[in-house]
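Written below as structure tokens is the structure these notes are about.
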Amino acid sequence: MAMFKKSVSTLLLVLMALLAVGALTSTAIQMFGAFGRYSDSLETERLANADKAIFHGVLSLRNNRGDAQSALLGEDDPRAKLGAAEKAEQAGFDAIMAALSTVEFARRDELASTLKQRWSEAAPKFQLFYDEAKQPRGERKVERTAAWYDAVTKVIETANLASTAVSNRAWMNDPFIARMIQARRLAWQVRDRYGIQCSTLRPNVNSSKPLDETQKQTVAGWNGIVTAGWTGMDELLAAPDVTADLASAAKEARAKTNGVLKQIGELTKGFDGSGRPAMPAAEWNALCQSPFASIVAIANKALDQSIARAETVQQKALTNLIVQSLAFLLALAVTLAGVFVVRNRLMRPVRAILDAIARISARDYATPVPQSRYPDEFGTMAAALESLRESAATAERLGQERESQQALQLARSGTVDAACRSFDDTVQAVIQSVVASTKELDATATDVRSLVSESGSQTAAVSSAAEQATNNLETIAAATEELSASVGEISAQVQSSAREAREAVAQAEQTNATVEILDQTASRIGEVVKMINAIAGQTNLLALNATIEAARAGEAGRGFAVVAGEVKSLAAQTATATEEISRQVEEIQGATGQAVAAIRSIGGAISGIDEKMTAIAAAVEQQRAATTEISRNFQQAAQGTREVTDTIGSVARLNQETGNAGTVLSDSVKKMSADADRLRVAVEGFLGAVKTA
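The sequence shown maps to residues 9 to 701 in the working numbering.
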């Protein structure tokens, strides 16, 4: 049963085989049944022919037995008739033995052996006829041949047993043949009892000896048997399938037999015991034999119809056998054709489809699906499977391309991730640097506020000195203009530094604005406090710290390094200018001469500042576009210095503004620190979004 669970086609083939076996078995049974009926019909025909041959053999023995007696008593020289009778007797026996050899029944061999034995005992006794025939006809006695008669009677009795066995065997094969056999038996019954009566009464007829009571009873019994035979014949011939000629022959034979029996009865009544023949032997023989032909005709017709029926049954059985054989061959051919069709139209396409499915399951999309030659369900399945194979092949190709793209995307993502990590590290470093710088700037702003106070007192002193040094005012103004130009240059550098800071933290607009405010504030501080030595020292320290942090930041800190260098240079110039201004203030306070010396000293300082600005400009020029900015910033610083000189009277007011600017600077630094924190958060969020994208 396991194989049926794995293969529907095998199950279908087995079911078809079972149906075919059933059909073949049924047709085979029908064929063998037809063959059996045909064999039975052949046997029936052989039995009917054998029964007819035995009947005629027995009839020959009976007839020739009477003929021999009649010839012995009625012929002067009966030897010729006796010889003919002897030969006929032998022929009848041979016919019986030949008929027995053609059929099979239970006691055939036993009966055949008994017949041979009894015939071997009876045949030599026929010599008694020849011996008795040597006597004059009047002296011949049939009684002296009784030994032969009894021996032949035994042969006839044994032959009758064989005939009964044969007819009984045929009786079972066909009802009509059974009725015909019964008709033949009844005819033989009439013939036998009637013939025995003739043979038994022959000596009485030859001597006119009256019948004794025993003979009368015997004759009456025989007549009763004859009557019973005719009665049975009437009942048998009343069947609807009995032919008219057989019924007519029976009617004719009965009339003749009854007529002869009536004559014999009248004759026996006239026996007077005179010893003379009541009727000549030939006449008696003719009288007795007159119904024989009609009685035997009944048996012959019945036997002939039995044989005809057997032949008809045989022909029908043969036809049925042929039909059943053809049906069996047709069933076999249909079975073989069904197996062929199932294998070629079902099992092979199913196997091909299963193999194709197995290949597709194994991802073998290169082998095409075999297509059916027939536009049936399997052809449709094969076409659909081929379409599926092509779709799967296309899907696999697209999948491989997608995997390649994914691999490239992964590689690109790795690169982006690495770049993001590098950018994150750089931005974090820059932000940390900015935060550190803002802390430094906050400290510087605090220092600026303290220095503003000191600057206020110094400015007052400068104002006093300026009033005392009126004659040197123009010189101081020129020096102040130069210093103002330097301060302007510092403002430009601070703006450049703000731009560089905006480039480093491009995503923080608030930081840019703060840097601009810081730049403007630094510019304003530069215009007011570049003369203050303490501010210059703090600025110099801040530039130094920024330079160190920019070096740590690497490439991203290059802009800060440039700006830090510029701030450092400007801080040095501012410190120098502050020293000059201080000296000028002291000289103004001291004396006009000292103011002149101070102005000269300021001029020298301004010249030194110019030289430094030139050196810075050359250095910046070597560092690409920054050189021009540095030169311009120096010029602006010099101009600022001149403006300081020109606006020395406003120093007091600007000192207050410088204090306020210091406060603003401190607030801006704090805001810049907060912006740096927001920048860090924004960068981290941006990088996180990039990494998860």
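Note that CB positions come from ideal geometry on N, CA and C, so glycine has one too. All figures in this text were calculated on a predicted structure; none of them were measured in a lab.
For this session: Determine the closest residue to L305 out of A364, E140 and K259, with distance taken between C-alpha atoms.
Result: Reading the sequence as shown, one finds Ala at residue 305 and not Leu. Comparing Cα-Cα distances from A305 to each of A364, E140 and K259, the minimum goes to K259.
For this session: Excluding the 5 residues preceding and the 5 following A682 in the sequence, name in chain order all residues of the same chain whose CB lies nearer than 6 Å to its CB.
Result: Answer for A682: no residue qualifies.
Exercise. So, are the CB atoms of M241 and L194 less than 9 Å apart?
Worked result: At a Cβ-Cβ threshold of 9 Å, M241 and L194 count as neighbours.
Problem set entry | Inter-residue spacing [alpha-carbon to alpha-carbon] between L20 and V331 | Roughly 30 Å between the two C-alpha positions.
For this session: Decide yes or no for the touch test of the segment 268 to 276 against the segment 292 to 300: beta carbon pairs closer than 8 Å, at least 3 of them.
Result: Yes, since at least three Cβ pairs between the segment 268 to 276 and the segment 292 to 300 fall closer than 8 Å, the two stretches touch.
Exercise. How many Å lie between E129 and S121 at the Cα?
Worked result: As the crow flies, the alpha-carbon of E129 is around 12 Å from that of S121.
Problem set entry | Candidates W230, A289 and T239, of which the one nearest R210 by Cα | Nearest to R210 by C-alpha distance, out of W230, A289 and T239, is A289.
Exercise. In angstroms, rounded to a whole number, what distance separates the CA positions of M39 and A191?
Worked result: If you take the alpha carbons of M39 and A191, they lie about 34 Å apart.
For this session: May I ask you to verify whether the segment 30 to 50 touches the segment 62 to 78, counting CB pairs closer than 8 Å and requiring at least 3?
Result: The answer is no - the segment 62 to 78 does not touch the segment 30 to 50, with fewer than three Cβ pairs under 8 Å.
Problem set entry | Euclidean distance between Cα positions of T153 and M188 | Between the C-alpha atoms of T153 and M188 there is a straight-line separation of about 36 Å.
For this session: Quick one: using the 10 Å Cβ neighbour count with 16 as the cut-off for buried, is R115 buried or exposed?
Result: Looking at its Cβ environment, which holds fewer than 16 other Cβ atoms inside 10 Å, R115 is exposed.
Problem set entry | Of the residues A301, A401, A92 and R410, the one placed nearest A755, counting alpha carbons only | An answer regarding residue 755 cannot be provided, because it is not within the stretch 9 to 701 covered by the chain.
For this session: With a threshold of 16 other CB atoms inside 10 Å of the CB of T276, please say whether the residue is buried or exposed.
Result: Buried, since its Cβ has 16 or more Cβ neighbours within 10 Å.
Problem set entry | C-alpha distance - L219 paired with N212, whole-angstrom precision | So the two alpha carbons sit approximately 7 Å from each other.
For this session: Give me the Cα-Cα distance between A387 and E404, rounded to the nearest whole angstrom.
Result: Residue identity check: residue 387 is Gly in the sequence provided, not Ala. When rounded, the separation of the alpha-carbon atoms in G387 and E404 is 25 Å.
For this session: Using only alpha-carbon positions, find the residue among I185, G267 and Q197 that is nearest to T251.
Result: Of the candidates I185, G267 and Q197, the one whose C-alpha sits nearest the C-alpha of T251 is I185.
Exercise. Beta-carbon separation of A61 and A178 under 9 Å?
Worked result: The answer is no: Cβ separation not under 9 Å.
Exercise. How would you write the range of the alpha helix (DSSP H) that R152 sits in, first residue to last?
Worked result: No alpha helix (DSSP H) contains R152, which DSSP labels as neither H nor E.
Exercise. Is it buried or exposed for L26, if we count other Cβ within 10 angstroms and need 16 for buried?
Worked result: By the 10 Å Cβ count, L26 comes out exposed.
Problem set entry | Proximal residues to R145 (C-beta, below 6 Å), its chain only, five neighbours per side dropped | Apart from the 5 residues on each side of it in sequence, R145 sits with its Cβ closer than 6 Å to the Cβ of D84 in its chain, given in chain order.
For this session: Kindly give me the distance between the Cβ atoms of F348 and T35, rounded to whole angstroms, as I take these residues to be in contact under 8 Å.
Result: The pair is not a contact, with the Cβ atoms about 19 Å apart (cut-off 8 Å).
Exercise. Taking 8 Å as the line, does the beta carbon of A25 fall inside it for any heavy atom of the ligand NAP?
Worked result: With respect to the ligand NAP, the structure offers nothing, as it holds no ligand at all.
Exercise. Under the three-state reduction of DSSP, which class applies to F642: helix, strand or coil?
Worked result: Residue confidence is low: F642 scores 45 on pLDDT, short of 50, so the model does not pin down where it sits. Its coordinate-derived value is still stated next. Correct three-state label for F642: helix.
Problem set entry | N-terminal and C-terminal residue of the alpha helix (DSSP H) that D85 is part of | Taken as a continuous stretch (DSSP letters only), D85 belongs to no alpha helix (DSSP H), as it is neither H nor E.
Exercise. At what residue ranges does the segment 171 to 224 contain a whole run of the alpha helix (DSSP H), taking only runs of 4 or more?
Worked result: The qualifying runs are 183 to 215.
Exercise. Is it right to say V234 is buried, meaning 16 or more other beta carbons lie within 10 angstroms of its own, or is it exposed?
Worked result: A residue is called buried when at least 16 other Cβ atoms come within 10 angstroms of its Cβ; V234 meets this threshold and is buried.
For this session: Using a threshold of 9 Å, state whether the C-beta atoms of L393 and I365 are closer than that.
Result: Yes. Within cutoff.
Exercise. Three or more C-beta pairs closer than 8 Å, one from the segment 219 to 229 and one from the segment 312 to 324: is that the case here?
Worked result: The segment 312 to 324 and the segment 219 to 229 do not touch, with fewer than three beta-carbon pairs separated by less than 8 Å.
Exercise. Looking only at its own chain, which residues have a Cβ that is under 6 Å from the Cβ of L481, when we skip the five neighbours before and after it?
Worked result: With a pLDDT of 44 at L481, under the threshold of 50, the modelled position of that residue is not reliable, and no figure is offered here.
Exercise. Expressed to the nearest angstrom, what Euclidean distance is found between the alpha-carbon atoms of L552 and G407?
Worked result: Cα to Cα, the separation comes out at about 59 Å.
Exercise. Quick one, which of G696, N541 and T208 has its alpha-carbon nearest G74's?
Worked result: Comparing Cα-Cα distances from G74 to each of G696, N541 and T208, the minimum goes to T208.
Exercise. Which of helix, strand or coil does DSSP assign to E129?
Worked result: Per DSSP, reduced to three states, the secondary structure at E129 is helical.
For this session: Grab the span of the alpha helix (DSSP H) containing L354 for me, first residue to last.
Result: That residue, L354, is in no alpha helix (DSSP H); it is neither H nor E in DSSP.
For this session: Give, in chain order, every unbroken run of the alpha helix (DSSP H) that is at least 4 residues long and sits entirely within the segment 315 to 380.
Result: Entirely contained in the segment 315 to 380, the alpha helix (DSSP H) runs reaching 4 residues are, in chain order, 356 to 369.
Exercise. If you compare alpha carbons, which of I556, T239 and K149 is closest to F215?
Worked result: The sequence shown places Ser at residue 215, not Phe. Checked all of I556, T239 and K149; the closest Cα to S215 is K149.
For this session: Please check the pair S302 and A341, which I expect to be a contact at CB under 8 Å, by giving their CB distance rounded to whole angstroms.
Result: Incorrect: roughly 57 Å between the Cβ atoms, too far for contact.
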